[in-house]
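J.: Before anything else, here's the structure in question.
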Amino acid sequence: MTDPARPPAASDLHLHDPGPMRAMAHPMRLRIIGLLRMEGPATVGMLAQQTGESAGSVSYHMATLAKHGFVEEAPELARDRRERWWRAAHEMTSWNTVDFIDDPARHAASDALRRTVLESYHRELLAALDAEAALEPEWIAPTDSSDGAAHLTLEEFQELSADLAAVRDKWWARRGEPAEGTRLVRWMTHVFPRADA
Numbered sequence: 001m002t003d004p005a006r007p008p009a010a011s012d013l014h015l016h017d018p019g020p021m022r023a024m025a026h027p028m029r030l031r032i033i034g035l036l037r038m039e040g041p042a043t044v045g046m047l048a049q050q051t052g053e054s055a056g057s058v059s060y061h062m063a064t065l066a067k068h069g070f071v072e073e074a075p076e077l078a079r080d081r082r083e084r085w086w087r088a089a090h091e092m093t094s095w096n097t098v099d100f101i102d103d104p105a106r107h108a109a110s111d112a113l114r115r116t117v118l119e120s121y122h123r124e125l126l127a128a129l130d131a132e133a134a135l136e137p138e139w140i141a142p143t144d145s146s147d148g149a150a151h152l153t154l155e156e157f158q159e160l161s162a163d164l165a166a167v168r169d170k171w172w173a174r175r176g177e178p179a180e181g182t183r184l185v186r187w188m189t190h191v192f193p194r195a196d197a
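With the first letter of the sequence shown counted as 1, position 190 gets the number 190 in UniProt numbering; the numbers rise by one all the way through.
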């Protein structure tokens with residue numbers, strides 16, 4: 001059975017225009033959409049409490065996210081007419097950077113969003129490091145952070161990217177409602193040619 005509070009499985013909002021990219025490139029909006037995707041539907045008040053922002057500020061950001069199709073109301077969760085619940089409209093957002101290279105405005109919007117996403121990853125990694133002392137040792141042991149580099153042909157670079165995507169997709173298929181004995185585990189992958197190579 002599908003949970004109506006969650007976005008449809010494997011739903012993806014693929015961005016083509018710079019407007020939604022600029023809207024999503026705000027750190028608070030990115031945080032809000034992340035909370036809705038990982039924690040599930042919430043009211044503005046709940047999101048304000050989770051983010052430390054005022055309800056007015058969160059409401060403003062929610063309106064912008066809704067305008068661009070990132071969030072939608074979840075009226076079936078409201079207990080009365082005054083209560084407004086929101087959910088992520090999609091499980092993920094994607095875009096192809098190559099599509100924007102020849103258009104300066106679109107490229108700038110793509111670049112701004114990518115930078116905001118990378119900054120959010122950095123904050124999330126540091127928060128995980130800060131919280132690590134409260135975890136049981138068996139939940140710390142599998143934690144991994146690594147990097148590497150190799151001289152690759154274009155075909156090998158494409159193969160590496162596809163291999164990492166296959167691993168990601170295997171575990172992405174396990175998402176859903178938390179089960180007993182589970183914790184939310186995050187992963188991030190980045191594959192890129194070195195700028196000075």
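From the three backbone atoms N, C-alpha and C, an ideal C-beta is built for every residue, glycine too.
What does L13 pair with, by DSSP beta-bridge criteria?
T.: T93
J.: May I ask which residues mark the beginning and end of the beta strand (DSSP E) holding A88?
T.: 85–88
J.: Roughly how far, in whole angstroms, is the beta-carbon of W86 from the beta-carbon of A78, given that I think they are within contact range, below 8 Å?
T.: Not quite, the Cβ-Cβ distance comes to about 11 Å (not below 8 Å), so this is no contact.
J.: Could you please give me the residues that DSSP links to E73 through a beta bridge?
T.: E73 pairs with W86.
J.: Considering I101, what are the terminal residues of the alpha helix (DSSP H) in which it resides?
T.: It is not in any alpha helix (DSSP H) - I101 carries neither H nor E in the DSSP assignment.
J.: Give the range of the alpha helix (DSSP H) segment to which H61 is assigned.
T.: That run of the alpha helix (DSSP H) goes 55–67.
J.: Let me check one thing: in DSSP terms, what residues is A42 bridge-paired to?
T.: Answer by DSSP bridge pairing, in chain order: W86.
J.: Quick one: what's got a C-beta closer than 8 Å to R115's C-beta in the same chain, skipping five residues either side?
T.: A25
J.: Buried or exposed for S11, please, with buried defined as at least 16 other CB atoms from any protein chain shown within 10 angstroms of its CB.
T.: exposed
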